[in-house]
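**Q** Just dropping this structure here.
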Amino acid sequence: MNETVFLLLGSNLGDRGALLDEAARRLTGTPGLTLTAASSTYASSPAECPPGSPDFLNRVLKMECSLSPLGLLDITQKIETDLGRTGKGTNAPRPIDIDIILFGDRILRTERLEIPHPRMKRRPFVLVPLAEVAPEAVDPATRRPFADFIPPESLQDVVKCEEPVHDR
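The numbering used here runs 182 ahead of the 1-based position in the sequence shown.
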């Protein structure tokens with residue numbers, strides 16, 4: 183049975199736009215995943231990262247998924263590793279980060295994975311692109327629209343980029 187999932191792609195090292203594009207291409211080419219929508223690319227300052235960390239580019243993908251949550255996690259982690267992500271440092275700069283932010287209406291808490299993503303409601307760089315592709319998306323726990331969690335003053339911190347986005 184397919185479920186709608188939302189993935190947040192992020193990058194703050196290397197050719198960030200090209201890395202987001204390649205991660206999206208690899209996800210779209212994965213059996214059991216079908217892309218149904220992709221947000222624009224947004225730039226934002228790094229949150230909860232070491233001082234001096236480069237700005238992030240982020241994009242949300244809406245996909246239909248026939249995989250289990252942990253099966254999807256295994257795939258996202260392999261793509262991260264293949265695209266140069268290492269496990270060095272909490273919130274350290276990284277070429278690619280793929281977070282499963284929503285998986286249908288599931289609420290899941292395991293050692294490896296928490297769905298909905300535990301910090302998404304306080305992160306405009308997640309909420310703004312999510313609202314673009316799924317303005318009707320609601321928090322499975324509270325049934326409140328995720329758009330309600332976007333503080334208006336934070337909108338200036340998440341900037342929509344002109345496409346295509348590539349660092350030289």
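C-beta: ideal position from N, C-alpha, C; glycine also.
Quantities reported herein were computed from a predicted structural model and do not represent experimental measurements.
1) Going by DSSP, name the residue or residues bridged to ASN240.
2) Out of GLU318, ILE332, LEU243 and PRO236, point me to the one whose CA is closest to ARG301's CA.
3) Give every residue of the same chain whose Cβ lies closer than 8 Å to the Cβ of PRO353, excluding the five residues on either side of it in the sequence, and list them in chain order.
4) Take PRO346 as the anchor and find which of PRO322, ARG198 and ASP321 has the nearest alpha-carbon.
5) Look at the alpha carbon of SER319 and the alpha carbon of ALA229, and state the distance between them as a whole number of angstroms.
6) For SER193, count neighbouring C-beta atoms within 10 Å of its own C-beta (all shown protein chains included) and say buried if the count is 16 or more, exposed if not.
**A** This is what the structure holds:
1) The count along the sequence shown starts at 1 and reaches residue 240 at position 58. Beta-bridge pairing links ASN240 to GLY192 and TYR224.
2) Here the question's residue 301 lines up with position 119 in the sequence shown. Cα-wise, what sits closest to ARG301 is ILE332.
3) Nothing can be reported for residue 353: it is not among the residues displayed for the chain, which extend from 183 to 350.
4) The residue you call residue 346 lines up with position 164 of the sequence shown. Closest option to PRO346, Cα to Cα, is ARG198.
5) Working through the sequence shown from its first residue, we reach residue 319 at position 137. Working through the sequence shown from its first residue, we reach residue 229 at position 47. Residue identity differs from the one stated: residue 319 is Ala in this sequence, not Ser. Counting only the Cα atoms, ALA229 lies some 23 Å from ALA319.
6) Taking the first residue of the sequence shown as 1, we reach residue 193 at position 11. Per the 10 Å Cβ criterion, buried.
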